[in-house]
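FYI, the numbering for the sequence shown is 219 to 324, going by my numbering.
Every residue, glycine too, gets a C-beta built ideally from N, C-alpha and C.
All of these numbers come straight from a predicted model, not from anything done at the bench.
Following: one structure in C-alpha coordinates, then a few remarks.
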Amino acid sequence: MRASVGIAQLALQQIEDDLTAGDMDGHELAAILDELQEDVDTPGGLLPMLAQVVSTAARRAEHIEPDRDGDASCPLHEAAALIADTIGPRLNCAARSLNSSQGDLA
(Lines of atoms letter the chains of each structure in order from A and count residues from 1; the text may use other names and numbers.)
(Lines give C-alpha, C1' and ligand atoms only; values in the text may rest on other atoms or scores of the structure.)
Protein backbone atom coordinates (compact mmCIF):
# COMPACT_ATOMS: atom_id res chain seq x y z
CA MET A 1 0.00 0.00 0.00
CA ARG A 2 2.75 2.43 0.96
CA ALA A 3 4.48 1.94 -2.40
CA SER A 4 1.23 2.61 -4.25
CA VAL A 5 0.70 5.85 -2.35
CA GLY A 6 4.29 6.84 -3.11
CA ILE A 7 3.76 6.23 -6.82
CA ALA A 8 0.54 8.29 -6.72
CA GLN A 9 2.37 11.10 -4.94
CA LEU A 10 5.10 11.12 -7.59
CA ALA A 11 2.50 11.22 -10.37
CA LEU A 12 0.64 14.08 -8.69
CA GLN A 13 3.91 15.96 -8.21
CA GLN A 14 4.56 15.61 -11.95
CA ILE A 15 1.11 17.04 -12.68
CA GLU A 16 1.78 19.95 -10.33
CA ASP A 17 5.16 20.54 -12.00
CA ASP A 18 3.42 20.59 -15.39
CA LEU A 19 0.91 23.13 -14.05
CA THR A 20 3.64 25.47 -12.86
CA ALA A 21 5.76 25.20 -16.00
CA GLY A 22 6.36 28.27 -18.13
CA ASP A 23 3.91 29.47 -20.71
CA MET A 24 0.83 27.25 -20.36
CA ASP A 25 -2.24 28.76 -21.97
CA GLY A 26 -5.90 28.31 -21.07
CA HIS A 27 -6.48 25.46 -23.51
CA GLU A 28 -3.56 23.50 -22.08
CA LEU A 29 -4.75 24.07 -18.51
CA ALA A 30 -8.28 23.08 -19.50
CA ALA A 31 -6.93 19.88 -21.07
CA ILE A 32 -5.17 18.95 -17.83
CA LEU A 33 -8.32 19.63 -15.81
CA ASP A 34 -10.33 17.49 -18.24
CA GLU A 35 -7.83 14.66 -17.91
CA LEU A 36 -8.11 14.70 -14.11
CA GLN A 37 -11.83 14.14 -14.47
CA GLU A 38 -11.95 12.02 -17.63
CA ASP A 39 -8.54 10.60 -18.49
CA VAL A 40 -8.57 8.85 -21.84
CA ASP A 41 -6.07 6.22 -20.67
CA THR A 42 -7.94 5.39 -17.48
CA PRO A 43 -11.67 4.83 -17.84
CA GLY A 44 -13.41 7.26 -15.53
CA GLY A 45 -10.41 9.49 -14.79
CA LEU A 46 -8.38 10.13 -11.67
CA LEU A 47 -11.04 11.80 -9.54
CA PRO A 48 -13.75 9.19 -10.13
CA MET A 49 -11.19 6.49 -9.30
CA LEU A 50 -10.26 8.34 -6.10
CA ALA A 51 -13.94 8.59 -5.18
CA GLN A 52 -14.29 4.84 -5.75
CA VAL A 53 -11.31 4.10 -3.47
CA VAL A 54 -12.76 6.30 -0.72
CA SER A 55 -16.16 4.62 -1.13
CA THR A 56 -14.53 1.22 -0.80
CA ALA A 57 -12.82 2.39 2.40
CA ALA A 58 -16.20 3.60 3.68
CA ARG A 59 -17.79 0.21 3.03
CA ARG A 60 -14.90 -1.49 4.81
CA ALA A 61 -15.29 0.91 7.76
CA GLU A 62 -18.97 0.00 7.99
CA HIS A 63 -17.95 -3.58 8.75
CA ILE A 64 -15.26 -2.84 11.31
CA GLU A 65 -16.45 0.24 13.21
CA PRO A 66 -17.70 -0.43 16.72
CA ASP A 67 -21.48 -0.57 17.08
CA ARG A 68 -21.78 0.18 13.34
CA ASP A 69 -22.49 3.77 14.36
CA GLY A 70 -21.12 5.42 11.21
CA ASP A 71 -18.51 7.52 13.00
CA ALA A 72 -15.90 6.44 10.45
CA SER A 73 -17.95 5.35 7.45
CA CYS A 74 -20.21 8.39 7.17
CA PRO A 75 -17.39 10.93 6.75
CA LEU A 76 -15.78 8.61 4.20
CA HIS A 77 -19.03 8.30 2.22
CA GLU A 78 -19.38 12.09 2.36
CA ALA A 79 -15.79 12.57 1.16
CA ALA A 80 -16.39 10.23 -1.78
CA ALA A 81 -19.56 12.12 -2.68
CA LEU A 82 -17.72 15.45 -2.52
CA ILE A 83 -15.06 14.16 -4.88
CA ALA A 84 -17.55 12.74 -7.36
CA ASP A 85 -20.38 15.25 -7.10
CA THR A 86 -18.58 18.51 -6.35
CA ILE A 87 -14.92 18.49 -7.33
CA GLY A 88 -15.37 16.81 -10.71
CA PRO A 89 -18.15 19.09 -11.96
CA ARG A 90 -16.24 22.16 -10.73
CA LEU A 91 -13.16 21.07 -12.67
CA ASN A 92 -15.34 20.63 -15.76
CA CYS A 93 -16.83 24.11 -15.25
CA ALA A 94 -13.36 25.64 -14.92
CA ALA A 95 -12.13 23.82 -18.03
CA ARG A 96 -15.13 25.01 -20.07
CA SER A 97 -14.54 28.56 -18.86
CA LEU A 98 -10.85 28.43 -19.77
CA ASN A 99 -11.62 27.03 -23.23
CA SER A 100 -14.30 29.63 -23.94
CA SER A 101 -12.21 32.54 -22.68
CA GLN A 102 -9.27 31.44 -24.81
CA GLY A 103 -11.56 31.12 -27.78
CA ASP A 104 -12.80 34.68 -27.21
CA LEU A 105 -9.23 35.98 -27.27
CA ALA A 106 -8.36 34.33 -30.55
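Exercise for the section: Output yes or no for whether 8 Å exceeds the beta carbon distance between E244 and S291. Expected result: For the purposes of this step, residue 244 is taken as residue 26 along the sequence shown, with counting starting at 1. For the purposes of this step, residue 291 is taken as residue 73 along the sequence shown, with counting starting at 1. In the sequence as presented, Glu is not what sits at residue 244; that position holds Gly. Their beta carbons are not under 8 Å apart, which means G244 does not touch S291 by this criterion.
Problem - Close beta carbons around E283, own chain, < 8 Å, minus the five adjacent residues each side - result: Numbered from 1 along the sequence shown, position 65 holds the residue referred to as residue 283. Closer than 8 Å at Cβ, skipping near neighbours: D289, A290 and S291.
Practice task
Taking 8 Å as the threshold, find out whether the stretch 304–311 comes into contact with the stretch 265–277 through three or more Cβ pairs.
Solution key: yes
Handout entry: C-beta contact flag for A276 and L300 at 8 Å
Key = To locate residue 276, count along the sequence shown from 1; it is residue 58. To locate residue 300, count along the sequence shown from 1; it is residue 82. Against a cut-off of 8 Å, the Cβ pair of L300 and A276 comes out as no contact.
Practice task
Indicate the three-state DSSP secondary structure (helix, strand or coil) for D303 in the structure shown.
Solution key: Along the sequence shown, one-based indexing puts residue 303 at 85. The answer is helix: DSSP assigns D303 an H, G or I state.
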